[in-house]
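Asks: So that we are looking at the same thing, I have put the structure below in structure tokens.
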Amino acid sequence: MKIVGIYSFNNGKETIDQKYPHLLKEVERVLKRVSAKKAKTKESREKTMPGKILYNPKALNVAFKSEFAKSILFSYL
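The sequence shown runs 128 to 204 under my numbering.
Pasting the structure below:
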């Protein structure tokens with residue numbers, strides 16, 4: 128996956144950049160290792176888009192948990 132936008136509330140990004148830059152880099156590494164294409168397995172049942180293949184949230188959660196477990200951030204979870 129890739130980061131396409133960042134929303135910072137109350138200077139949150141600046142605080143993270145200053146106090147925890149190593150953790151932010153590790154989160155970015157984990158995001159890059161997760162494949163969104165592999166999680167696109169759910170078939171839509173809506174009337175407006177029947178049969179369209181969507182991202183499966185459960186598959187994404189499994190992928191993120193697996194990658195975070197391999198990282199230094201595992202001790203923070």
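The beta carbon of each residue, even a glycine, is placed where N, CA and C say it ideally should be. As the structure is a computational prediction, the values presented were derived from the model and not from experiment.
Just how far apart, CA to CA, sit L187 and K179?
Replies: Your numbering for residue 187 matches position 60 in the sequence shown. Your numbering for residue 179 matches position 52 in the sequence shown. If I take the Cα positions, the gap works out to 18 Å.
Asks: Does DSSP put E173 in a helix, in a strand, or in coil?
Replies: The residue you call residue 173 lines up with position 46 of the sequence shown. Looking at E173 - three-state DSSP - the assignment turns out to be coil, as it is neither helix nor strand.
Asks: Can you tell me whether A163 is buried or exposed? The criterion is at least 16 other CB atoms within 10 Å of its CB, across all chains shown.
Replies: Along the sequence shown, one-based indexing puts residue 163 at 36. By the 10 Å Cβ count, A163 comes out exposed.
Asks: Could you check whether the region 170 to 184 touches the region 135 to 153, counting it as contact only if at least three pairs of C-beta atoms, one from each stretch, sit closer than 8 Å?
Replies: Touching, no, given that fewer than three Cβ pairs across the two stretches are closer than 8 Å.
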